[in-house]
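The structure under discussion appears below in the form of structure tokens.
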Amino acid sequence: MVRFVQNRWYQFAWADEIADGAVLTRTVLDIPMVAFRTDAGKMAVLDNRCPHRFAPLSEGKREGDTIACPYHGLVFNTAGQCVRNPHGAATSTLAVASFPVLERHKAVWIWVGQQEPDENLLPDLSFIDAAPETAQLRLHTAVQANYELLADNILDLSHADYLHASSLGSGFNTRAKSTVEEHADHFSIAWRSDSDDAPPAFNLESPAKLWTEVDWYAPALMVLRAGGHPVGKPERGIDTLNLHNMTPETLTSTHYFSCNTRNFLIDDAAFNAVLREQLIHAFQVEDKPMIEKVQRQMGTPDLWSLGPKMLPIDKGAVLARRRVARLIEAAE
């Protein structure tokens, strides 16, 4: 039974999480994986289970461009082939899965599925490359909840008026009814107002012209643009572009990757440090505990089985869930 969308690029890590000589282990789509760089800097991602007794390769020794099983010494190359078996022939049956890797937009992406990898299926995130390090913040947050619950959180931003009332909430996202535009490979949902109270975190005088726009790509990659300016004073405005990307670990746990970029105070490292703490508070102190509590209250990753009473604010989340369901059904 297919449990996740196949034949897509999934973010495994931020590239700087895997330094030369380091080994990073993560579970993605229920598959334990190990990642490391070769001596030439090329990234390799393998199934983290030796095919002999399923020992974790991540606890073995790196030997040049190979990794050795810590249990019985079998050695594997970056393609997952066994290149040394101290106990007999290094046959093809001893291979482990190797996942196609793409390094782009300061991230490591892995292809999961039987089809040939298609780089065109990775959305354009060049805004990450364009932002200086002093004007971007990259985070990885482990969340004990289903990835679609986290996507729902971005696709219904009215929650900011309540869960983030002291920072991102002003009532704007509740008063500004969302609009949705569907496209073949994604959809967009937006909240806009020509005059409303600016959220405290925007540090704008009110009334302000405000916008929040989200582009969603299957299965749960979203680009969020948010900003505003005092009414009639565009020169005093701010604009941000942000990645919110949910990589399933299991059906009830998720790797939440985020990247914030901005068009103001772009050379201010001190402001960047302050903003980092604010974002960590919003994601890890406010969003994460609430969504984990929702997951525990549900007791299942299947939202529909509980018969939720949907509201108009859920239209983006419902559309995303329907598209994901169709992609999973098509692969079965």
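Here this note's numbering is used: the first residue of the sequence shown is 119, the next is one more, and so on.
The C-beta atom is built at its ideal place from N, Cα and C for all residues, glycine as well.
Keep in mind it's a predicted model, so treat the numbers as computed, not measured.
Which residues DSSP lists as bridging residue i, in chain order
{"i": "E181", "result": "T184"}
{"i": "D357", "result": "G345"}
{"i": "R167", "result": "Per DSSP, none; premise fails for R167."}
{"i": "T368", "result": "S371"}
{"i": "Y189", "result": "Paired residues: none, contrary to the question."}
{"i": "L220", "result": "W227"}
{"i": "H362", "result": "M340 and S376"}
{"i": "T196", "result": "Bridge partners of T196: none, in fact."}
{"i": "A162", "result": "F154"}
{"i": "R202", "result": "V193"}
{"i": "R144", "result": "M151"}
Counted within 10 angstroms of its Cβ, other Cβ atoms place residue i as buried (16 or more) or exposed
{"i": "T418", "result": "exposed"}
{"i": "M161", "result": "buried"}
{"i": "R159", "result": "Per the sequence shown, the amino acid found at residue 159 is Gly instead of Arg. Exposed: under 16 other Cβ atoms inside 10 Å."}
{"i": "R121", "result": "exposed"}
{"i": "T211", "result": "exposed"}
{"i": "H362", "result": "buried"}
{"i": "Y280", "result": "exposed"}
{"i": "H301", "result": "exposed"}
{"i": "K295", "result": "exposed"}
{"i": "Q413", "result": "buried"}
Contact belief for residue i with residue j at Cβ below 8 angstroms, rounded distance in angstroms
{"i": "H373", "j": "D333", "result": "Going by Cβ atoms, the distance from H373 to D333 rounds to 20 angstroms, so no, they are not a contact pair."}
{"i": "R155", "j": "I185", "result": "With a Cβ gap of about 11 angstroms, R155 and I185 do not count as contacting."}
{"i": "V230", "j": "E367", "result": "Contact doesn't hold; Cβ gap of about 13 angstroms is too wide."}
{"i": "D134", "j": "D157", "result": "About 19 angstroms; that fails the 8 angstroms criterion."}
{"i": "N291", "j": "L275", "result": "5 angstroms"}
{"i": "V261", "j": "I356", "result": "Their Cβ separation, rounded to whole angstroms, is 28 angstroms, which puts V261 and I356 out of contact at 8 angstroms."}
{"i": "V163", "j": "F130", "result": "6 angstroms"}
{"i": "V193", "j": "V201", "result": "5 angstroms"}
{"i": "S313", "j": "P325", "result": "4 angstroms"}
{"i": "L383", "j": "P348", "result": "Contact doesn't hold; Cβ gap of about 17 angstroms is too wide."}
Start and end residues, alpha helix (DSSP H) containing residue i
{"i": "L393", "result": "A387 to I398"}
{"i": "V412", "result": "K406 to M416"}
{"i": "A449", "result": "K433 to A449"}
{"i": "A101", "result": "Residue 101 falls outside the range modelled here, since the chain spans only 119 to 450, and no answer is possible."}
{"i": "S244", "result": "S244 to A248"}
Where the beta strand (DSSP E) containing residue i begins and where it ends
{"i": "F154", "result": "I149 to R155"}
{"i": "G346", "result": "L339 to P348"}
{"i": "D314", "result": "H304 to D314"}
{"i": "D452", "result": "Because the chain in this structure spans residues 119 to 450, residue 452 falls outside the shown range and cannot be described."}
{"i": "D333", "result": "A326 to Y335"}
Near the ligand NAD: residue i beta-carbon under 8 angstroms from a heavy atom
{"i": "G345", "result": "The ligand NAD is not among the ligands present in this structure, which contains no ligands whatsoever."}
Interface flag, residue i vs chain C, CB-CB below 9 angstroms
{"i": "G178", "result": "The question asks about chain C, but that chain is absent: this structure has only one protein chain."}
**Prompt:** In the region 252–300, which residue ranges form an unbroken beta strand (DSSP E) of at least 3 residues, counting only runs that do not cross its ends?
**Reply:** 254–261 and 297–300
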